[in-house]
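For reference, the structure is listed below as structure tokens.
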Amino acid sequence: MNQDTVETALSLADYFANRLCRDALWSGSRCNWLGDSMEPVDGAWRVVRRTFGPELYSGTAGIALFLGHAFRASSDDVHLRTAMGAADHAISTLDSIPPSLRHSLYSGALGVAYAFADLGWLLDNIRLKALSQSILDGLGTEVPEDTGLDLIAGSAGAIVGLLVLHEREPRPELLGLAIRHGERLLRAARVGSRGWSWKTLPGTEGEDLTGLSHGAAGIAWALLELHRATGGSEFLEAARGGFDYEQSWFSSQEGNWPDLRPDIMTGLPAQQLAYGVTWCHGAPGIGLSRLRASRILGDKHLLDEALVAARTTALRQPSFLRGPGANFSLCHGAMGNLDLLLELERGQETVSAAPASSSVVAAVMEHWTSQKTWPCGVLNGGETPGLLLGLAGMGYGMLRVARPATTPSVLFTSPRSEVLSTASPTGVSPLDPYPRAARTAAGDT
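Counting from 1 along the sequence shown, just add 2 to a position and that's the residue number in this note's numbering.
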């Protein structure tokens, strides 16, 4: 990576951290933020201005995670103090999470535990590590019946989160809970001529979804991680079936997989499919699932699918950077799309992320010098502070550009010993992702 790009990315990460620290709303030791969000109001989804809950996706746990990494890069005590304030808010509002979402990685209590574990390790903070363990203890050993199936809010996300946490601090109950989530996905699978698929949008008609966040890619990836951890052949069979289902929808003309959500299809001419190019739906996220699968299984065909996804992503990336459709978010914007390219480059699978990274950094810098607001991921909305849709994610993405080997992806949460390796699929060289941080007076350590 060009050194100028690295230095500019670090400056932008520092800028986003400073913005969040400036805008934090404090009450005692806790802090929160105001921002835009999509909420159901009077039977329709509308943009509302609100404060946020504790979750990883858009809440204070995700903001704390970014600010902790920003502190590691900047050594700015204000970043650390605000990270701890956000963490204090997250733990104080944990009971606001509905029971059906407690096991969710991005929307629930498991995600808060995941963020605290990462921060505790990053900062060598005993209190955060203990809080993470306490949250995990509170999850219990049974999977709630109304928990979803997908990566964002359901069993697939629970599996990958639990396996990362189990790798870091081995606990048989975490692996056992991941297995129960996997068995639930096996029971819920719909096996047909196309392969294995899952109905992740209850109450809707139409085909089962493709894609990482809510579709077959995310579920198949989670089941493959469970196979890797347990050796269970049933999980491997289901994972391959999920990839088969998704691949049956692949368009060689588009170099992509269609977004089959009913609301996306509404209004399109008969037989016309929509093709997204975002982490959550379309080539960038699906490519990550195939890249990880190729590393686990040593399957060149899966790597070829990842490379096709990377080419499609790089081709469409400029549309996210400038003009009225610009969006720099992680979930469905330019920063999230970079993750596939960064992972391919880091793993030495021949695709360079340098041109795309330089373009994103240049576009963000240009926006910084010319605009008064940031294009976030809330549809028809303005700025929002959170990790997947807002400013924290933009800052985290800049740290990924500058230090991809030591800033773990929050979109590709596979076990650290392999994700943070510099190895290709032919061999793994585990690295310690973080040097031991100095103990600090901010928070109990």
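All C-beta atoms in this analysis are idealised placements derived from N, C-alpha and C, irrespective of residue type, glycine included.
The beta strand (DSSP E) enclosing residue i, as first and last residue numbers
i, result
"residue 395", "First-last for residue 395: 393-404, but that is the alpha helix (DSSP H), not the beta strand (DSSP E)."
"residue 42", "37-43"
"residue 46", "46-52"
Backbone secondary structure at residue i - three-state DSSP
i, result
"residue 27", "strand"
"residue 215", "coil"
"residue 195", "coil"
"residue 324", "coil"
"residue 180", "helix"
"residue 145", "coil"
"residue 279", "strand"
"residue 32", "strand"
"residue 208", "coil"
"residue 257", "coil"
"residue 233", "coil"
"residue 156", "strand"
"residue 150", "strand"
"residue 252", "coil"
"residue 5", "helix"
"residue 414", "coil"
"residue 226", "helix"
"residue 18", "helix"
"residue 360", "helix"
"residue 384", "coil"
"residue 13", "helix"
"residue 163", "helix"
"residue 426", "A caution first: residue 426 carries a pLDDT of 33, below 50, which makes its placement in the model too unreliable to give a value."
"residue 390", "coil"
Bounding residues of the alpha helix (DSSP H) (the contiguous stretch that carries residue i)
i, result
"residue 339", "336-348"
"residue 263", "Neither: residue 263 is in no alpha helix (DSSP H) and is coded neither H nor E."
"residue 294", "285-299"
"residue 129", "128-140"
"residue 317", "302-318"
Exposed unless 16 or more other CB atoms sit within 10 angstroms - verdict on residue i
i, result
"residue 127", "buried"
"residue 5", "exposed"
"residue 32", "buried"
"residue 339", "buried"
"residue 168", "buried"
"residue 131", "buried"
"residue 303", "exposed"
"residue 377", "buried"
"residue 7", "buried"
"residue 289", "buried"
"residue 30", "exposed"
Contact between the segment 194-202 and the segment 252-262 (3+ Cβ pairs under 8 Å): Here the segment 194-202 does not lie against the segment 252-262, with fewer than 3 beta-carbon pairs under 8 Å apart.
Closer than 8 Å is the cut-off here; do at least three beta carbon pairs connect the segment 15-34 with the segment 71-88? yes
Length-filtered (4 minimum) alpha helix (DSSP H) runs lying within the segment 41-124: List check, alpha helix (DSSP H) in window: 62-76, 79-94.
For the segment 234-250 against the segment 206-222, do three or more pairs of beta-carbon atoms, one drawn from each stretch, fall closer than 8 Å, so that the two count as touching? yes
Would you call the segment 358-376 and the segment 52-67 touching, i.e. three or more CB-CB distances under 8 Å? no
Do the segment 87-96 and the segment 37-52 make contact, defined as three or more Cβ pairs closer than 8 Å? Counting C-beta pairs with one atom in each stretch, the segment 87-96 and the segment 37-52 have fewer than three that are closer than 8 Å, which means they do not touch.
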